[in-house]
Each structure stands twice: as C-alpha cells, then as structure tokens.
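Enquirer: Here the protein sequences line up with chains A and B, keeping their order. According to the UniProt record's numbering, the first sequence is numbered sequentially starting from 1. According to the UniProt record's numbering, the second sequence is numbered sequentially starting from 1. Got a structure for you, written out below as structure tokens; questions coming shortly.
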Amino acid sequence: MITEEELAGTVGHSMPGGTARVEHYADWLLRDALGAPPGEPGLAHPTFAFLAAQGGVGLSLEEVFAVFGASSADGPMLGEWAVDFAEPLRLDVDYAVTCVVESARRKTGARTGVFDLVTVRIELTGPDGTVHVTVRPTYVFPRRSAVSA
Amino acid sequence: MRVGDLLPERVVESVDPEKMKIAAALLRDPNMIHLDPAVTEKLGMGSRVVNQGPLNLGYIHTLLEEYGRVVASRFRFHGNVFAGDRVVAGGRVTAVDGDLVDYEVWLDVTGGARAVSGTVRIRRAR
Numbered sequence: 001m002i003t004e005e006e007l008a009g010t011v012g013h014s015m016p017g018g019t020a021r022v023e024h025y026a027d028w029l030l031r032d033a034l035g036a037p038p039g040e041p042g043l044a045h046p047t048f049a050f051l052a053a054q055g056g057v058g059l060s061l062e063e064v065f066a067v068f069g070a071s072s073a074d075g076p077m078l079g080e081w082a083v084d085f086a087e088p089l090r091l092d093v094d095y096a097v098t099c100v101v102e103s104a105r106r107k108t109g110a111r112t113g114v115f116d117l118v119t120v121r122i123e124l125t126g127p128d129g130t131v132h133v134t135v136r137p138t139y140v141f142p143r144r145s146a147v148s149a
Numbered sequence: 001m002r003v004g005d006l007l008p009e010r011v012v013e014s015v016d017p018e019k020m021k022i023a024a025a026l027l028r029d030p031n032m033i034h035l036d037p038a039v040t041e042k043l044g045m046g047s048r049v050v051n052q053g054p055l056n057l058g059y060i061h062t063l064l065e066e067y068g069r070v071v072a073s074r075f076r077f078h079g080n081v082f083a084g085d086r087v088v089a090g091g092r093v094t095a096v097d098g099d100l101v102d103y104e105v106w107l108d109v110t111g112g113a114r115a116v117s118g119t120v121r122i123r124r125a126r
C-alpha cells in the first residue's frame, strides 16, 4: 500500500492532459439521458463539464487510480465533485485540458477504517487562453490493508 | 426569489437502465455495475444496475437550469441510485446577491435515503 508520505508526494503531480470538445449530438444524448429540455443555443448542459473534464485528463480512470497506488478492485468511489464556470461550457469549441493533484490526505473513520481522499483540479482553457471551467473531483480510496492509527 | 424559498421538485418516476447505457458510452465508463444486473448481483449489490453519479447530479443541474445559468456547484455523493428507483431533485434558496442565487440542493430516493447533497450558484436569466 502507498505510504502516507508517498500519498502526500502526489500533490502537484500533473496528468498528461489533452483536449475536450462537446459535440452538439453528445449534449443532446446527455439531455435525453437526464430528461432535460433543450438548453440555451450553443451551450452545453452543465453536467457535461464532468464528461469533458474526465475525458481530457489524458489517462483512463484505471491509470488515474494507479497514480495513487490503487485500482478499481480496491473499490474507489467518487466522494465529491465540484465545478466553477468562469464562462459557460460551449458546444463545438476546442478546450485545452490540464489536470493536477490538488490535495491528498489519509483519514481514518470509525466504521470505514483507513481511506485516502484525493482531489484533482481539472481546468478547461478556451481558445482565448483563459480558464473557462474548473472541475474538482474528489476520489475516495479505501485502504483496507492498512492498520488504523 | 427569497431566502428559504423551495424550488418545485423535479421527479424522475423510474430511473431507466437504458439511459445508463447512453451515459456509459458518453463517459467511456467500463464499470459493468451500470450495465449488467448479473454483475451487481455478483457483487452483493442486488439485482438492479447502478445509476452513474454524473446522472444523479445531472438531475439537480437540470432542475436549476430552468432558473438560470449554473456558475458553480458542489456535490457530495452519499449513496447509490438503482434502476427503477423514483428520485426527487430539490433545492432551497440560501442567498440572493443581485442576479446570483445560491441554493442548497439534494437528490432523494423515494422510500430510501439521500443520494446527493450540495450547493449550486446560478446567475438568473434576465
């Protein structure tokens, strides 16, 4: 299991990153899945920030988990998720995506035992060079093999 | 719009497993608990597939989108939503500052527990 020091050492680590583009048909499909009405012309459903950010990290989820010494077999969960829109997410626009580990901390719960909370910051930068959307997922990694302090 | 006002609830009468297939493709999510009831059964999670977290928060975003543009949101996931569940998205105004409105929000499973809680800030439509 990754040590607490190794976990702390992941803070500041950058993922490869990549690009994101919300195609209009994909937005239509998400709205259909949610039962959502059509949105403002040219704008994506706000939940599409989740998909665009995750898709632009440059790693599969399994590869992201591996950065923290975990795998899907450990039962990682998405504990929290946050988004800030400096600009709305637009359809058919190319965004540059960067992802960096913002915080990583070990905790112990009375019922859950030892687990790690990791928050990554994913930024979508628009064609004007400014950050339009910032997404912060927080993953929960159970560390069942650890001995509670 | 005043502090304390409740939004009209948005109800999904029965979470549709067919929609999860669309979401799995969009998310490129290979987790079979969203697709194959045999997998959830094998994992001791019952005989129904599990809704994706982004769809759960998406019901809340959809509720708020009726009132303006979402400019920020924070969500905490508390539990799973399963195929066939009836879920209710709700919200309460916590602050108003010009055209910015803050809400406490949630997604509850009828007859079950709160699946998602959080906060959303919108910029009201003019």
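Glycine residues also receive a C-beta, built at the ideal position from the N, C-alpha and C atoms. Computed from a predicted structure; not experimentally measured.
Among B/7, B/83 and B/101, which residue has its Cα nearest to the Cα of residue 56 of chain B?
Expert: Answer by Cα proximity: B/83.
Enquirer: Rounding to the nearest angstrom, what Cα-Cα distance links residue 77 of chain B and residue 120 of chain B in this structure?
Expert: Looking at the two C-alpha atoms, the distance is approximately 15 Å.
Enquirer: In this structure, how does DSSP classify residue 59 of chain A when only helix, strand and coil are distinguished?
Expert: Coil at residue 59 of chain A, not helix or strand.
Enquirer: DSSP three-state label for residue 30 of chain B, please.
Expert: Residue 30 of chain B: coil per DSSP, three-state reduction.
Enquirer: Roughly how many angstroms lie between the CA atoms of residue 148 of chain A and residue 69 of chain A, to the nearest whole one?
Expert: Reliability fails at residue 148 of chain A, whose pLDDT of 45 lies under 50, so the model's placement of it is uncertain and the value that follows must be treated cautiously. C-alpha separation (whole angstroms): 18 Å.
Enquirer: Are the region 16 to 35 of chain B and the region 90 to 103 of chain A in contact at 8 Å, needing three or more beta carbon pairs?
Expert: Touching, no, given that fewer than three Cβ pairs across the two stretches are closer than 8 Å.
Enquirer: Is the Cβ-Cβ distance between residue 41 of chain A and residue 31 of chain A less than 8 Å?
Expert: Not in contact: residue 41 of chain A and residue 31 of chain A (Cβ atoms no closer than 8 Å).
Enquirer: Which whole-angstrom value is the C-beta distance of residue 110 of chain B and residue 92 of chain B, which I expect to be below 8 Å?
Expert: Actually they are not in contact, since the Cβ atoms of residue 110 of chain B and residue 92 of chain B sit about 19 Å apart, beyond 8 Å.
Enquirer: Short of 8 Å Cβ to Cβ, which residues in the region 101 to 122 of chain A face chain B?
Expert: Those residues of the region 101 to 122 of chain A that come within reach of chain B (Cβ to Cβ, closer than 8 Å) do not exist; the list is empty.
Enquirer: Would you call the region 41 to 51 of chain A and the region 4 to 17 of chain A in contact, with 3 or more CB pairs under 8 Å?
Expert: Judged by Cβ distances under 8 Å, the region 41 to 51 of chain A makes no contact with the region 4 to 17 of chain A, as fewer than three pairs qualify.
Enquirer: Please classify residue 10 of chain B: is it buried, with 16 or more other beta-carbons within 10 angstroms of its beta-carbon, or exposed?
Expert: Classification for residue 10 of chain B: buried.
Enquirer: Would you say residue 22 of chain B faces chain A, with C-beta separation under 8 Å as the test?
Expert: Yes - at least one Cβ of chain A is within 8 Å of the one on residue 22 of chain B.
Enquirer: Are any of the Cβ atoms in chain B nearer than 8 Å to that of residue 32 of chain A?
Expert: Chain B, which has a Cβ nearer than 8 Å to the Cβ of residue 32 of chain A, makes this yes.
Enquirer: Can you name the start and end residues of the alpha helix (DSSP H) that residue 25 of chain A belongs to?
Expert: Here the alpha helix (DSSP H) through residue 25 of chain A covers 24 to 34.
Enquirer: Quick one, which residues of the region 70 to 96 of chain B are near chain A if we go by CB-CB under 9 Å, in chain order?
Expert: Listed by position, the residues of the region 70 to 96 of chain B near chain A (Cβ gap below 9 Å) are 70, 71, 72, 73, 74, 75, 76 and 77.
Enquirer: On a Cα-Cα basis, can you pick out the residue from A/140, A/17 and A/142 that is closest to residue 96 of chain A?
Expert: Among A/140, A/17 and A/142, the Cα nearest to that of residue 96 of chain A is on A/17.
Enquirer: Counting only beta-carbon atoms, is residue 94 of chain A nearer than 8 Å to chain B?
Expert: Chain B, which has no Cβ nearer than 8 Å to the Cβ of residue 94 of chain A, makes this no.
Enquirer: Compare the C-beta of residue 149 of chain A against all C-beta atoms of chain B and say whether one is closer than 8 Å.
Expert: Confidence at residue 149 of chain A is low in this model, with a pLDDT of 42, below 50, so its placement is unreliable and the value that follows should be read with caution. No, its Cβ sits nowhere closer than 8 Å to a Cβ of chain B.
Enquirer: Can you check whether the CB of residue 118 of chain A is closer than 8 Å to the CB of residue 101 of chain A?
Expert: Cβ distance < 8 Å, so residue 101 of chain A and residue 118 of chain A count as in contact.
Enquirer: Can you tell me whether residue 123 of chain A is helix, strand or coil according to DSSP?
Expert: Residue 123 of chain A falls in the strand class under three-state DSSP.
Enquirer: Short of 7 Å in beta carbon distance, which residues of its chain neighbour residue 126 of chain A, apart from the five on each side in sequence? Order them along the chain.
Expert: Counting only Cβ-Cβ distances below 7 Å, and skipping sequence neighbours, we find 87, 93, 95 and 132.
Enquirer: Does any residue of chain B bring its CB to less than 8 Å from the CB of residue 39 of chain A?
Expert: Yes, contact with chain B.
Enquirer: If I measure Cβ to Cβ from residue 69 of chain B and keep anything under 8 Å in the same chain, skipping five residues before and after, which residues do I get?
Expert: Once the five neighbours on either side are set aside, the close Cβ partners of residue 69 of chain B are 122, 123 and 125.
Enquirer: Which residue or residues does DSSP assign as beta-bridge partners of residue 104 of chain B?
Expert: BP columns for residue 104 of chain B point to B/92 and B/119.
Enquirer: Applying the criterion that 16 or more other CB atoms from any shown protein chain within 10 Å of the CB defines a buried residue, is residue 38 of chain B buried or exposed?
Expert: It counts as exposed.
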